[in-house]
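Taken in sequence, the protein lines are chains A and B.
Taking full-length UniProt numbering, I'd label the letters of the first sequence as residues 1 to 464.
Taking full-length UniProt numbering, I'd label the letters of the second sequence as residues 1 to 464.
There are 2 protein chains.
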Amino acid sequence: MKDVLVKDLYTKPRDFGDESITVSGWIRTTRSSKKIAFIELNDGTYIKNIQVIAKRDGLDNYEDVTKLPISSTLKVTGKLVETPDAQQPFELHAEAIDIEGVSDPDFPLQKKAHSLEYLRTIAHLRPRTNTFYAVFKIRSLAAFAIHEYLQKNGFVYVNTPIITSSDTEGAGEMFRVTTLDDQDTPKTDDGKNDYSKDFFGEETNLTVSGQLQVEPFALAFRDVYTFGPTFRAEDSHTKRHAAEFWMIEPEMAFAELPAVLDRSEGLLKYVVQYLLDNASEDLQFLNDNVDHDLLDLLHKTVDEDFARITYTKAIELLEKADVDFKFPVKWGIDFNSEHEQYLAEKVFGKPVFVTDYPRDFKAFYMRDNEDGKTVAAVDLLVPRIGELIGGSQREEREDILEAKMKEFGLPREEYEWYLDLRKYGGTKHSGFGIGFERLLMYVTGMDNIRDVIPYPRVQGSINF
Amino acid sequence: MKDVLVKDLYTKPRDFGDESITVSGWIRTTRSSKKIAFIELNDGTYIKNIQVIAKRDGLDNYEDVTKLPISSTLKVTGKLVETPDAQQPFELHAEAIDIEGVSDPDFPLQKKAHSLEYLRTIAHLRPRTNTFYAVFKIRSLAAFAIHEYLQKNGFVYVNTPIITSSDTEGAGEMFRVTTLDDQDTPKTDDGKNDYSKDFFGEETNLTVSGQLQVEPFALAFRDVYTFGPTFRAEDSHTKRHAAEFWMIEPEMAFAELPAVLDRSEGLLKYVVQYLLDNASEDLQFLNDNVDHDLLDLLHKTVDEDFARITYTKAIELLEKADVDFKFPVKWGIDFNSEHEQYLAEKVFGKPVFVTDYPRDFKAFYMRDNEDGKTVAAVDLLVPRIGELIGGSQREEREDILEAKMKEFGLPREEYEWYLDLRKYGGTKHSGFGIGFERLLMYVTGMDNIRDVIPYPRVQGSINF
């Protein structure tokens, strides 16, 4: 008697001879008659079930087993029988069935379709549906593929801090972190909370990006990356924004802008290929049930070179477009999603890098180009999602960076350490950021960021 | 002319024939005379430097280069010459040297020893020292080894939420997360902050553990794990506590307590072996300079089986010990670090699992043993560190769990979803947690948790 996993049954040689095997799992469906029952059992290791054949003849508890509500837990021992002519390649002929856990009959995931909205309210149970099983399996594999690609290429993983006293690039609203008593709050003379009495002795927030803190490590290790949670307290109720999400932020010393394009294209292709190799059943399910163009897009992503154009060229293409954009196009605007989607979907039909944006709406640390108007920045626009990756060469010239910080109104004393990186052996360096959940929406076909996060956090809603 | 990495020079065939190569890096030291200079260059990819030989004859900027302060950045092109009889196996004979960045002469890391306390104040520069280079390289490799081991064994990575409305097992003080205006704070009638007006519509905190939220995924995927930051707002100034630290929390369905011991021992051995294979130079440096017993301990960790005893047996051993413990020993006490260290260092001299602790000081979700006094819990105690891993079999019996929650004073309404896991197809399951920084202290020999975290967060101190 040998404990086996359903995944191994589907993907490895099934050479058990006369030996009985044991499979433990949850009932997905039961069809039964007086004498025989067909039980679909899922053991969590694979999106597909194993079919268990149970016969009254020989099973003491046939009656109990066949009456169990779905989602009850069984441990089934029996003989594996090959069924080359049936829909499933094998079935398990039960010799003994132990009942491990009896589910309540009101289990919410009965065999009918549920709306994604409803499933969000039962985030602790939705991974038991095929859709979320596939999504969260892919989330895990994609995270690993990212680590594997970067580590194989010599990148050092750095855990930048979550609680921070600084506000990277002034990006969006931040969450405050505090242990001040909320009833008898110590106050300063001007009626504000007295953060000198707080846990860290000053006001602190949740990080919006680890980029500035990872740069020092690039100047010690050359190629580095962060991969961790980031936070935006935005009043935003779109399908693409969450208050808590994960970012991957690689940073490379001795690297100029083209290295960002090459490295991020390499990373994205590696992740997609890894999923095609290791999550084919899950992707097939999502292609069949969520987005019929998913596999096409993923194959295109690995097979074709990404397009590369400048912002100025992109503006030309948009101006020539036979489309009535809501937001009018002219050189100097930041793109709206309608523009991004037109470029990625209509013009190129695949991922496209857009480089050299106007300096005025980009972050202070991006390197000024010679033209005095643009910076060495890049966004990767992809079909369905829009912006997936943003990166830049960093301004390594101390005097220009200082002047720019002044121009952008940043307090010098807070960034003294950041200027140190230019002062003590500065070098050209570049990096980029990937929103992990945007990437997951791209590779799963899911349309709402809430459906690729185990327990999503958005304004007005926090459960579990 | 070929760009090469110093790591590759040390670890791969150096077969460049007559071709010149280029190395970019930072000056660690320069010794120069009128005609010849020896420059130790570090390029970030390896703990060891490459020695550059620069001759006045043939280099236009010999004077400039040799006057550069340490930490300046160079791009050196030249011929690699094997030096089998010298201390370093090869050297680079410069044909051209580009100066990429000139360091300020007041660079703080001059060639003398600095205290670890001082280096903490320059967390953005300390990775350029050999000690912190080794520590943070090992941090990166250890994180990857953990992912690799778990993924290879079918575990699914789950990102449990960082912002949470619940307080797992009532463990320690929590950080509040809020966007309420801190001057004109909305108040309830009893003078408290009105969290119904806060971002999420209720009071929220930073997570202290992802365990409860990962359990639902174990009941969908069988074997799962979290690996993310956790937070404790503790008034604690020890060498082992930080306010922000990372935890690995695997959770396994269809698994009882012995599976926790087997799996965590397998994981720890895998990580240590991975470091021995992939960070040998870094470990050697730490063994030579930080802890002379480090490599011995690591080899013992992979070579020998961990010891396994019950709590009751451990108490017997402590009672028999010829040691004057500060905290007296008797059945029922929670261990103090003096007890943990005595067991791990003096009795066993290697990692030891202690199982079946008294139920009274362990968490509510741990499974009651038949004796009515103990729970199916385990701690792994290791030399130098004390407790490194804690785990348990979870209480899967709905009625017992409910009674225990009442006994421990937990509000049922907050844990309704957690009870659902028992209601809808419950099964035996078990898991454990590893403090990532404790593990890093174990594998690096570093004595203070602040020295294994890129930017440590402890009470009263938050820089960068």
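Glycine is no exception: its CB is placed at the ideal position from the N, C-alpha and C atoms.
Check: Which of helix, strand or coil DSSP assigns to A/Ala123; Outcome: coil
Check: CB contact check: A/Ser461 to chain B, cutoff 8 Å; Outcome: yes
Check: Beta-carbon proximity check, B/Ile27 vs B/Leu440, cutoff 8 Å; Outcome: no
Check: Top-ranked residue by Cα proximity to B/Glu82, from B/Lys313, B/Lys406, B/Tyr10 and B/Thr374; Outcome: B/Tyr10
Check: Host alpha helix (DSSP H) of B/Phe436 (start-end); Outcome: Phe436 to Thr444
Check: For A/Trp246, three-class secondary structure by DSSP; Outcome: strand
Check: Option in B/Pro328, B/Ser337 and B/Leu268 with minimal Cα separation from B/Phe306; Outcome: B/Leu268
Check: Stretch pair the region 395 to 414 of chain B + the region 204 to 224 of chain B: three plus CB contacts closer than 8 Å; Outcome: no
Check: B/Glu304, DSSP secondary structure in three states; Outcome: coil
Check: Length of the line joining the Cα atoms of B/Ala255 and B/Leu421; Outcome: 15 Å
Check: Nearest-angstrom Cβ-Cβ length linking B/Val260 and B/Ala314, presumed shorter than 8 Å; Outcome: Their Cβ separation, rounded to whole angstroms, is 17 Å, which puts B/Val260 and B/Ala314 out of contact at 8 Å.
Check: Cβ pair count under 8 Å reaching 3, the region 190 to 200 of chain B against the region 176 to 192 of chain A; Outcome: yes
Check: Backbone secondary structure at B/Ile138 - three-state DSSP; Outcome: helix
Check: Length of the line joining the Cα atoms of A/Thr45 and B/Asp262; Outcome: 20 Å
Check: Contained alpha helix (DSSP H) runs [length at least 4] in the region 351 to 423 of chain B, N- to C-terminal order; Outcome: 398 to 407 and 416 to 423
Check: B/Ser72 classed as buried or exposed, judged by whether at least 16 other C-beta atoms fall within 10 angstroms; Outcome: buried
Check: Residues near B/Ser20 in its chain [Cβ-Cβ closer than 7 Å; skip 5 each side]; Outcome: Met1, Thr77, Gly78, Lys79 and Glu95
Check: Minimum Cβ-Cβ distance from B/Ser20 to chain A less than 8 Å; Outcome: no
Check: Segment limits, beta strand (DSSP E) that includes A/Ala96; Outcome: Phe90 to Gly101
Check: Cross-strand partners of B/Trp26 (DSSP beta bridge); Outcome: B/Asn42 and B/Thr73
Check: Residue of A/Val177, A/Tyr195 and A/Thr226 minimising C-alpha distance to A/Asn205; Outcome: A/Val177
Check: Residue burial classification, B/His339 (beta-carbon count within 10 angstroms, cutoff 16); Outcome: buried
Check: Whole-angstrom distance between A/Glu387 and B/Lys67, CA atom to CA atom; Outcome: 46 Å
Check: CB contact below 8 Å: A/Phe254 versus chain B; Outcome: yes
Check: Segment contact flag, the region 441 to 461 of chain A with the region 242 to 257 of chain A, C-beta cutoff 8 Å, min 3 pairs; Outcome: yes
Check: Assigned exposure category for A/Phe327 - 16 Cβ within 10 Å defines buried; Outcome: exposed
Check: Minimum Cβ-Cβ distance from A/Leu116 to chain B less than 8 Å; Outcome: no
Check: Any C-beta of chain B under 8 Å from that of A/Lys7; Outcome: yes
Check: Residue-level contact to chain A via CB, B/Ile97, 8 Å cutoff; Outcome: no
Check: B/Lys192 at chain A interface by Cβ criterion, 8 Å; Outcome: yes
Check: Beta-carbon contacts of B/His124 that lie in its chain and below 8 Å, excluding the five residues immediately before and after; Outcome: Phe464
Check: C-beta atoms of A/Tyr157 and B/Phe144 nearer than 8 Å; Outcome: yes
Check: Nearest neighbour of A/Lys330, chosen from A/Tyr311, A/Val347 and A/Ile162 [CA to CA]; Outcome: A/Tyr311
Check: Beta-carbon neighbours of B/Tyr415, restricted to chain A and to distances below 8 Å; Outcome: The premise fails here: B/Tyr415 is roughly 10 Å from chain A at the closest Cβ pair, so nothing lies under 8 Å.
Check: Option in A/Arg128, A/Leu380 and A/Asp106 with minimal Cα separation from A/Arg438; Outcome: A/Leu380
Check: B/Thr160 versus B/Pro250 - alpha carbon distance; Outcome: 12 Å
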